[in-house]
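Participant: Residue numbers (our numbering): 44 to 301. For every residue, glycine included, the Cβ atom is placed at its ideal position computed from N, Cα and C.
1) Buried or exposed: where does residue 221 fall if 16 or more other Cβ atoms within 10 Å of its Cβ makes it buried?
2) For residue 239, which residues in the same chain have their Cβ closer than 6 Å to its Cβ, ignoring the five residues on either side in sequence?
3) Determine the closest residue to residue 157 out of 272, 175, 289 and 285, with distance taken between C-alpha atoms.
4) Can you check whether the CB of residue 106 is closer than 8 Å to the CB of residue 131?
5) When you compare the CB positions of residue 87 and residue 276, do they come within less than 8 Å of one another, or not?
6) Starting from residue 227, follow the beta strand (DSSP E) in both directions and report where the run begins and ends.
7) Out of 255, 48, 278 and 153, which has the shortest C-alpha to C-alpha gap to residue 169?
8) My output table needs one value for residue 113: the three-state DSSP class, helix, strand or coil.
9) In terms of residue numbering, what span does the beta strand (DSSP E) encompassing residue 275 cover?
10) Mind pulling the alpha helix (DSSP H) runs of 4 or more residues that sit fully within the region 96-179?
11) Quick one: is residue 48 buried, meaning 16 or more other Cβ sit within 10 Å of its Cβ, or exposed?
12) Taking the beta carbon of residue 251 as the centre, do at least 16 other beta carbons fall within 10 Å, making it buried, or is it exposed?
13) Quick one, which of 301, 112 and 77 has its alpha-carbon nearest residue 141's?
14) Look up residue 72 in the DSSP assignment and give the residues it is bridged to.
15) Out of curiosity, what's the CA-to-CA distance linking residue 287 and residue 268?
16) Can you say whether residue 104 is buried or exposed, counting buried as having 16 or more other CB atoms within 10 angstroms of its CB?
17) Any chance you could list the beta strand (DSSP E) runs of at least 3 consecutive residues sitting entirely within the region 179-226, in chain order?
18) If you reduce the DSSP assignment to three classes, tell me which class residue 91 lands in.
19) I'd like to know whether the C-beta atoms of residue 263 and residue 245 end up nearer to each other than 8 Å.
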């Protein structure tokens, strides 16, 4: 059984219709269009060559990624690494759909919301926080019970299957209110503090934000840019599979270690 690529694209568009983000530096939506029938759909975080090659190897006709290949004003030349990626996609009739900031911000299937769910925070205990180009940058999440920062990191390591680290005092007093901004979200640390966060969860921590965390005494749980942004695409996989049960949907794991 199969569906037309345009049907799948329309369904994905509908999932994000309430999250327009014209200011996003990603060219969100269908980035490479290879019309025709789709039987297998791949999902991953990054639109990188290794992911494309694995999708082709496993017979996919459609690929959903959080990070696509068209950014900013677009590409100036189809050459080098970009050219190799595009040639592989077109040669193998593999469509590419990318969704960046709207997938971070989505209140149900977003990276932030899904990460909070995996920490045991229900929908009603999450609220938007921050602003990134017109969409919520993250969420403020209320844990069901207080947890020490090291406990939070250990639980996150288990659910993500990737080591998470605590910057600051991992044995600090238990906390309940978390600021969560996946990926490269450390720039929102100060805003999370203003919102009452007692600890901060993100993907990567820069030098300047690390100093701020130390000086202000807030523990930061760092889970890796890649790992913290697997949760949203996996949630979209589940939505697509439920809506198109005849499709074969699968995940491509391609960690960067960062």
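Facilitator: Per the coordinate set shown:
1) Taking the chain shown and counting its residues from 1, one reaches residue 221 at position 178. Its Cβ being crowded by 16 or more others within 10 Å, residue 221 is buried.
2) What you label residue 239 is simply residue 196 of the chain shown in a count that begins at 1. In chain order, 220 place their CB closer than 6 Å to the CB of residue 239, counting only its own chain and leaving out the 5 sequence neighbours on each side.
3) Here the question's residue 157 lines up with position 114 in the chain shown. Taking only the C-alpha atoms, the option nearest residue 157 is 272.
4) As a first step, residue 131 is located in the chain shown; it is residue number 88 there, counting from the start. As a first step, residue 106 is located in the chain shown; it is residue number 63 there, counting from the start. A distance of 8 Å or more separates the beta carbons of residue 131 and residue 106.
5) For the purposes of this step, residue 87 is taken as residue 44 along the chain shown, with counting starting at 1. For the purposes of this step, residue 276 is taken as residue 233 along the chain shown, with counting starting at 1. Against a cut-off of 8 Å, the Cβ pair of residue 276 and residue 87 comes out as a contact.
6) Within the chain shown, residue 227 is the residue found at index 184, counting from 1. From DSSP, residue 227 is part of no beta strand (DSSP E); its letter is neither H nor E.
7) Counting from 1 along the chain shown, the entry for residue 169 is found at position 126. The residue among 255, 48, 278 and 153 with its C-alpha nearest the C-alpha of residue 169 is 153.
8) In the chain shown, the residue the question calls residue 113 occupies position 70. Note: residue 113 maps to coil in three-state DSSP.
9) As a first step, residue 275 must be located in the chain shown, where it is residue number 232. Careful: residue 275 lies outside any beta strand (DSSP E), inside the alpha helix (DSSP H) at 274-286.
10) 123-134, 144-148 and 154-161
11) Position 5 of the chain shown, counting from 1, holds the residue named residue 48. A residue is called buried once 16 or more other Cβ atoms fall within 10 Å of its Cβ, and residue 48 is buried on that count.
12) By 1-based counting over the chain shown, the position of residue 251 is 208. Label assigned to residue 251: exposed.
13) Here residue 141 refers to the residue found at position 98 of the chain shown. Looking at the Cα atoms, 112 is the closest of the given residues.
14) The residue you call residue 72 lines up with position 29 of the chain shown. Bridge partners of residue 72: 141.
15) Residue 287 sits at position 244 when you count from the first residue of the chain shown. Residue 268 sits at position 225 when you count from the first residue of the chain shown. Straight-line Cα distance between these residues: approximately 30 Å.
16) If you number the chain shown from 1, residue 104 lands on position 61. Buried is the call here.
17) 181-190, 208-210 and 218-224
18) Taking the first residue of the chain shown as 1, we reach residue 91 at position 48. For residue 91, the secondary structure class from DSSP, reduced to helix, strand or coil, is coil.
19) Here residue 263 refers to the residue found at position 220 of the chain shown. Here residue 245 refers to the residue found at position 202 of the chain shown. Yes, the pair counts as a contact, with Cβ atoms nearer than the cut-off.
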